[in-house]
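Take the sequence shown: its letter number 100 is residue 99 in numbering that gives the first Met the number 0, and every next letter is one higher. The C-beta atom is built at its ideal place from N, Cα and C for all residues, glycine as well. In this text the structure is predicted, and so the values were computed from the model without any measurement.
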Amino acid sequence: MNATVLLGPPGAGKGTVAEVLVDKGYVHISTGELLREQIRLETPLGLEAKKLMDQGRFVPDDVVVAMIRNLLESAENDTRFLFDGFPRTLGQAEKLDELIQSLGGSLERVVLLECPDDAIVERLAGRRTCGKCGSVYHVTFNPPSHGNVCDVEGCQLSQRTDDTEKTIRKRLDVYAERTAPLISYYEARNLIQPINANQPIEHVRADVVASIS
Ligand SMILES: [Zn+2]
Numbered sequence: 000m001n002a003t004v005l006l007g008p009p010g011a012g013k014g015t016v017a018e019v020l021v022d023k024g025y026v027h028i029s030t031g032e033l034l035r036e037q038i039r040l041e042t043p044l045g046l047e048a049k050k051l052m053d054q055g056r057f058v059p060d061d062v063v064v065a066m067i068r069n070l071l072e073s074a075e076n077d078t079r080f081l082f083d084g085f086p087r088t089l090g091q092a093e094k095l096d097e098l099i100q101s102l103g104g105s106l107e108r109v110v111l112l113e114c115p116d117d118a119i120v121e122r123l124a125g126r127r128t129c130g131k132c133g134s135v136y137h138v139t140f141n142p143p144s145h146g147n148v149c150d151v152e153g154c155q156l157s158q159r160t161d162d163t164e165k166t167i168r169k170r171l172d173v174y175a176e177r178t179a180p181l182i183s184y185y186e187a188r189n190l191i192q193p194i195n196a197n198q199p200i201e202h203v204r205a206d207v208v209a210s211i212s
């Protein structure tokens, strides 16, 4: 079993990169999705996680790691996994290492999306969505045909409340603070493969393909 970790700030295009890797045969592990699935299936771990979440508490790393363990153990030996959204902290990175090692697998690389904060703010703060059909526009990169109105429904577009510049900068600060130790940890092992995420999407895709081949 081989693993690749995907790291990058919110809004840097992790979803696009994940798509590229899934196309190349990687199994995408999103811990958020994993958690929701376990809760839906009412597994022992899912029930435990739900109890904690209902009490307004965080699901501890050990529970998340146990869920990941179940998934990795049930996979074929030659499966390549893509971790997205996990690890987020140094503690989680160490737990993931232990887990991969205990299963005789290896961490192949850490794909690190790099994008200046200002570019991310421009991307996210310019986003407008249609509440009716879910279409997403961008004031600069993908504007609607007429004013601030959806091309499909003709209704007014709105901005998500967490897409304001202040909120985005705060999220980016939190990301930088939590991720910096993680980056040093992986850098020390020569696992980081930086990708310039501040370029047209097709270039990002091409760079990712080159980095994994
Ligand atoms: Zn619409």
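* Asked: Do you know whose CA, among A2, E18, P8, lies nearest E201's CA?
  -> For E201, the nearest C-alpha among the options comes from E18.
* Got a sec, what are the start and stop residues for the alpha helix (DSSP H) T178 sits in? -> That run of the alpha helix (DSSP H) goes 164-186.
* **Sequence-distant residues of its chain with Cβ nearer than 6 Å to L51 (five each side left out)** => For L51, where only same-chain residues beyond five positions count, the Cβ hits under 6 Å are V58.
* **Segment contact, 8 Å Cβ cut-off, at least three pairs: the stretch 117-125 with the stretch 91-98** => As far as the Cβ criterion goes, the stretch 117-125 does not touch the stretch 91-98, which means the pair count is below three.
* To do: May I ask which residues mark the beginning and end of the beta strand (DSSP E) holding T128?
  => First-last of the beta strand (DSSP E) with T128: 126-129.
* **Residue from D77, N76, L102, G7 with nearest C-alpha to A65** => Comparing Cα positions, the closest option is L102.
* Listed by chain order, which residues have C-beta atoms less than 5 Å from any heavy atom of ligand 1? -> Each of C129, K131, C132, S134, C149, V151, E152 has a C-beta closer than 5 Å to some heavy atom of ligand 1; these make up the full list, in chain order.
* Asked: Do C132 and V148 have their C-beta atoms within less than 8 Å of each other?
  -> Not in contact: C132 and V148 (Cβ atoms no closer than 8 Å).
* Under the three-state reduction of DSSP, which class applies to T139: helix, strand or coil? -> In the three-state reduction of the DSSP assignment, T139 falls in the coil class.
* Asked: Given a threshold of 16 other Cβ atoms within 10 Å of its Cβ, counted over all protein chains shown, does T160 qualify as buried or as exposed?
  -> Classification of T160: exposed, given that the 10 Å Cβ count is below 16.
* Asked: Taking the continuous beta strand (DSSP E) assigned at R79, which residues delimit it?
  -> Taken as a continuous stretch (DSSP letters only), the beta strand (DSSP E) holding R79 covers 79-83.
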